[in-house]
Amino acid sequence: MKFMGYGETKSSTGYGRPPWIFKGSALYQLHLVKAETARAFIPREFRLVEAFGYTLGGFFLANYDDSPAGVFDELVVIAGIVWNPPSSCAWAARVLVNSEEACHHGRKNVGLPSQVARFSKRITPVPRQTKGKFGGFLNRIGVGTTNRLSKDCMDVQVTEVVGTASSDICNIKLITDVPKPKFNKWMGPLITMSLPSFSGQTEYNPNLLKYSCRIACRVRAVRPAKVSGPSPSKDRNSDFKTTDFTAEELVDKGRNLSISIMLSKPILALEFNCLEMQVEDPTILPNNSTCSLRPA
């Protein structure tokens, strides 16, 4: 998600002209997020798309093996969906990357709430269970425990790093119950899509921006990843109704609310393989274009 100032031939971090191409794989997981949690991140200019006190948020966990910043991991915590007539756009609550270059570029030029993080990965094979004497019969009636396919479990521990300090954000447990594909048919159909997003109004970029990610990939539905986090703080679900916070307290509140989004209820998980993401040049939204988005 990269941007270069108008008239420049190269960004300050070495990115060339847009569009920028990212290749790799990703998990896109949608969650039901409390509207009051999402509103803590979304500027007042935008109207939150919500129903019965919830909006649609979640996360995008990607591993890029080819990008303008080289190889890196990214976790985008999505606060919710905001109305952008005649469609809607996602709003990122936090972006965690294990690349200083990607973090600086996202903050300065795209208005993303980017932070440097560590991504610690551990793969544990889950052995196939053997059939017992009555295993076949129990499986046929739906109460057996036999796994027809072996599984691999990957734990991804994400830790935000600020200077010499670090804070655990979450642990994401990914379970693969389909063998590593030998043919593309295992990866699902080839699709193309556009994921428009808003960003900006941060300390690094005060403008409101809109950018689009055009994605071509093979996609298939998978079981949702299991997300766990650090012990919940007493104010994790609080909002920003008061303004007498120090800068450090506001950072902690934003981090805690991002964790609460990760721990919300998942409803759908999509695995993107053979991913090629083309990121377009963000545009600055003029004031008159956001007036119609303000709540009445």
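All residue numbers for the sequence shown refer to our numbering, where the first residue is 436 and numbers rise by one.
Glycine included, each C-beta is placed from N, C-alpha and C at the ideal position.
Specify the secondary structure class of Ser693 as computed by DSSP and reduced to three states.
-> Three-state result, Ser693: helix.
Taking the DSSP output, what are the residues bridged to Ser699?
-> Residue pairing by DSSP places Ser699 in no beta bridge whatsoever.
Taking 8 Å as the cut-off, decide whether the C-beta atoms of Ser502 and Val530 are in contact.
-> Remark: C-beta atoms of Ser502 and Val530 do not approach each other more closely than 8 Å.
Residue range of the beta strand (DSSP E) that includes Glu595 = Per DSSP, the continuous beta strand (DSSP E) segment holding Glu595 begins and ends at Lys586 to Val597.
Along the beta strand (DSSP E) that carries Arg553, what are the first and last residues, could you check?
-> Unbroken beta strand (DSSP E) run through Arg553: Ser549 to Val561.
Does DSSP classify Asp716 as helix, strand or coil?
-> Asp716 sits in coil when the DSSP states are folded into three classes, being neither helix nor strand.
Is it true that the stretch 626-645 meets the stretch 583-599, where meeting means three or more beta-carbon pairs spaced less than 8 Å apart?
-> Result no; under three Cβ-Cβ pairs closer than 8 Å.
Three-state secondary structure (DSSP) at Thr637?
-> Looking at Thr637 - three-state DSSP - the assignment turns out to be coil, as it is neither helix nor strand.
If Ala527 sits next to Leu547, beta carbons under 8 Å apart, how far is it from one beta carbon to the other, in whole angstroms?
-> That pair is a contact at about 6 Å.
Does the separation of the CB atoms of Met697 and Val662 fall below 8 Å?
-> With respect to Val662, Met697 sits close: the two C-beta atoms are nearer than 8 Å.
Roughly how many whole angstroms lie between the Cα atoms of Tyr450 and Leu496?
-> C-alpha separation (whole angstroms): 22 Å.
Residues near Phe457 by beta carbon distance below 6 Å, same chain, minus five either side | Same-chain partners within the cutoff: Tyr499, Ser502 and Met712.
Three-state secondary structure (DSSP) of Val484 | Three-state result, Val484: coil.
Between the C-alpha atoms of Phe707 and Glu509, what's the straight-line distance to the nearest angstrom?
-> Here the alpha carbons of Glu509 and Phe707 stand approximately 14 Å from one another.
Would you kindly work out how many angstroms separate the C-alpha atoms of Glu535 and Leu467, rounded to a whole number?
-> Cα-Cα distance, rounded: 31 Å.
Backbone CA spacing between Val561 and Gly623 [nearest angstrom] | Roughly 24 Å separates the two Cα atoms.
Extent of the continuous beta strand (DSSP E) run through Arg649 = Segment Leu643 to Ala656, the beta strand (DSSP E) holding Arg649.
Closest residue to Arg653 among Gly515, Pro659 and Thr627 (Cα-Cα distance) | Nearest of Gly515, Pro659 and Thr627 to Arg653, Cα basis: Thr627.
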